[in-house]
Amino acid sequence: MRLPRNLLAVALGAALLPVAAAAPAHAAADPAFEITEVQATGTGCPKDSPARAEVRDGRVVVSPGKGMSALAGTRENGVYVARAVRACQVGMKLVHAAGWQVSVPRLDADGRAMLAGGAAGQFVARARPAGDVGGPEVEARMAGPTWGGWGIGGTAPGRWSECGAAHQLLVDAQVVAAVETADRETQNVVRVNGDAGLRLDLAWRQCPSAPRG
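Using mature numbering (1 follows the signal peptide of the UniProt record, and there is no 0), the letters of the sequence shown map in sequence onto residues -27 to -1, 1 to 186.
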């Protein structure tokens, strides 16, 4: 997605251990998998607009719903908010054939920003298997005036999960809108697309063979 001229997008990599080297040509095909037990918590994923996660073309696609939208300025009810933050953590279980490890090497996200001159916005997200402190982290910074779409993507090697037939996956996301030097009567919004706003690539490898006695 082409960014507006005044939209700055910076991808940050947070790596701990490198993902294994490319698999040999005779390696088995990646396993088919499904997503179950999706749970979402935070101000950006209220119960009346639940987040969803599904498999599309081998990727994990997270649709956060309408809640991942931060509005700063004077709202319709007359209340003034100088800085608004919405955050959401989406957890899910990946179910697949036994004998595999998984990691998350890439995260992509997109949304829209409507900011007056002098206002600012930010989006930050990270995805990883549960228990991993690495994985890709992305950040987009926006400066007003801007009105349009934004997109960001980033890669980072993360740790391989434990071996098994199911793995927990976590996605953390946050959007911020701030008035800063803009007119306080303006309404400034940063949002993540409610449908397929977050997209994760997965990497797979077969578990090492058990050592011989």
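All residues carry an ideal CB built from backbone N, CA and C; glycine is no exception.
Because the structure is a prediction, the values reported are computed rather than measured.
Coarse secondary structure for residue i, derived from DSSP in three states
{"i": "G167", "result": "coil"}
{"i": "K20", "result": "coil"}
{"i": "G38", "result": "helix"}
{"i": "W120", "result": "strand"}
{"i": "residue 194", "result": "The displayed coordinates of the chain run from -27 to 186. Any statement about residue 194 would go beyond what the structure contains."}
{"i": "C61", "result": "strand"}
{"i": "V52", "result": "coil"}
Cβ neighbour criterion (16 or more within 10 Å) applied to residue i
{"i": "R157", "result": "exposed"}
{"i": "T119", "result": "buried"}
{"i": "R164", "result": "buried"}
{"i": "E10", "result": "exposed"}
{"i": "M181", "result": "The residue asked about is misnamed: residue 181 is Pro in this sequence, not Met. Burial call: exposed."}
Within 8 Å, strictly: CB atoms of residue i and residue j
{"i": "S22", "j": "G38", "result": "yes"}
{"i": "L171", "j": "V144", "result": "yes"}
{"i": "V33", "j": "L142", "result": "yes"}
{"i": "L131", "j": "V77", "result": "A small correction: the amino acid at residue 131 is Gly; Leu does not occupy that position in the sequence shown. In this structure, V77 lies closer than 8 Å to G131 by Cβ."}
{"i": "T16", "j": "A60", "result": "yes"}
{"i": "V75", "j": "A2", "result": "no"}
{"i": "V162", "j": "M87", "result": "yes"}
{"i": "A100", "j": "G108", "result": "yes"}
{"i": "F6", "j": "V63", "result": "no"}
{"i": "residue 192", "j": "G94", "result": "Outside the shown range of the chain (-27 to 186) lies residue 192, about which nothing can therefore be said."}
{"i": "R178", "j": "W133", "result": "yes"}
Spatial distance of residue i from residue j (CA atoms)
{"i": "V58", "j": "A138", "result": "36 Å"}
{"i": "E49", "j": "T159", "result": "11 Å"}
{"i": "A129", "j": "D105", "result": "12 Å"}
{"i": "A26", "j": "A169", "result": "9 Å"}
{"i": "E153", "j": "W73", "result": "48 Å"}
{"i": "V28", "j": "I8", "result": "7 Å"}
{"i": "P19", "j": "A82", "result": "20 Å"}
Entirely within the segment 68 to 154 and at least 3 residues each: give me those beta strand (DSSP E) ranges in chain order. List check, beta strand (DSSP E) in window: 93 to 102, 109 to 116, 119 to 128 and 137 to 151.
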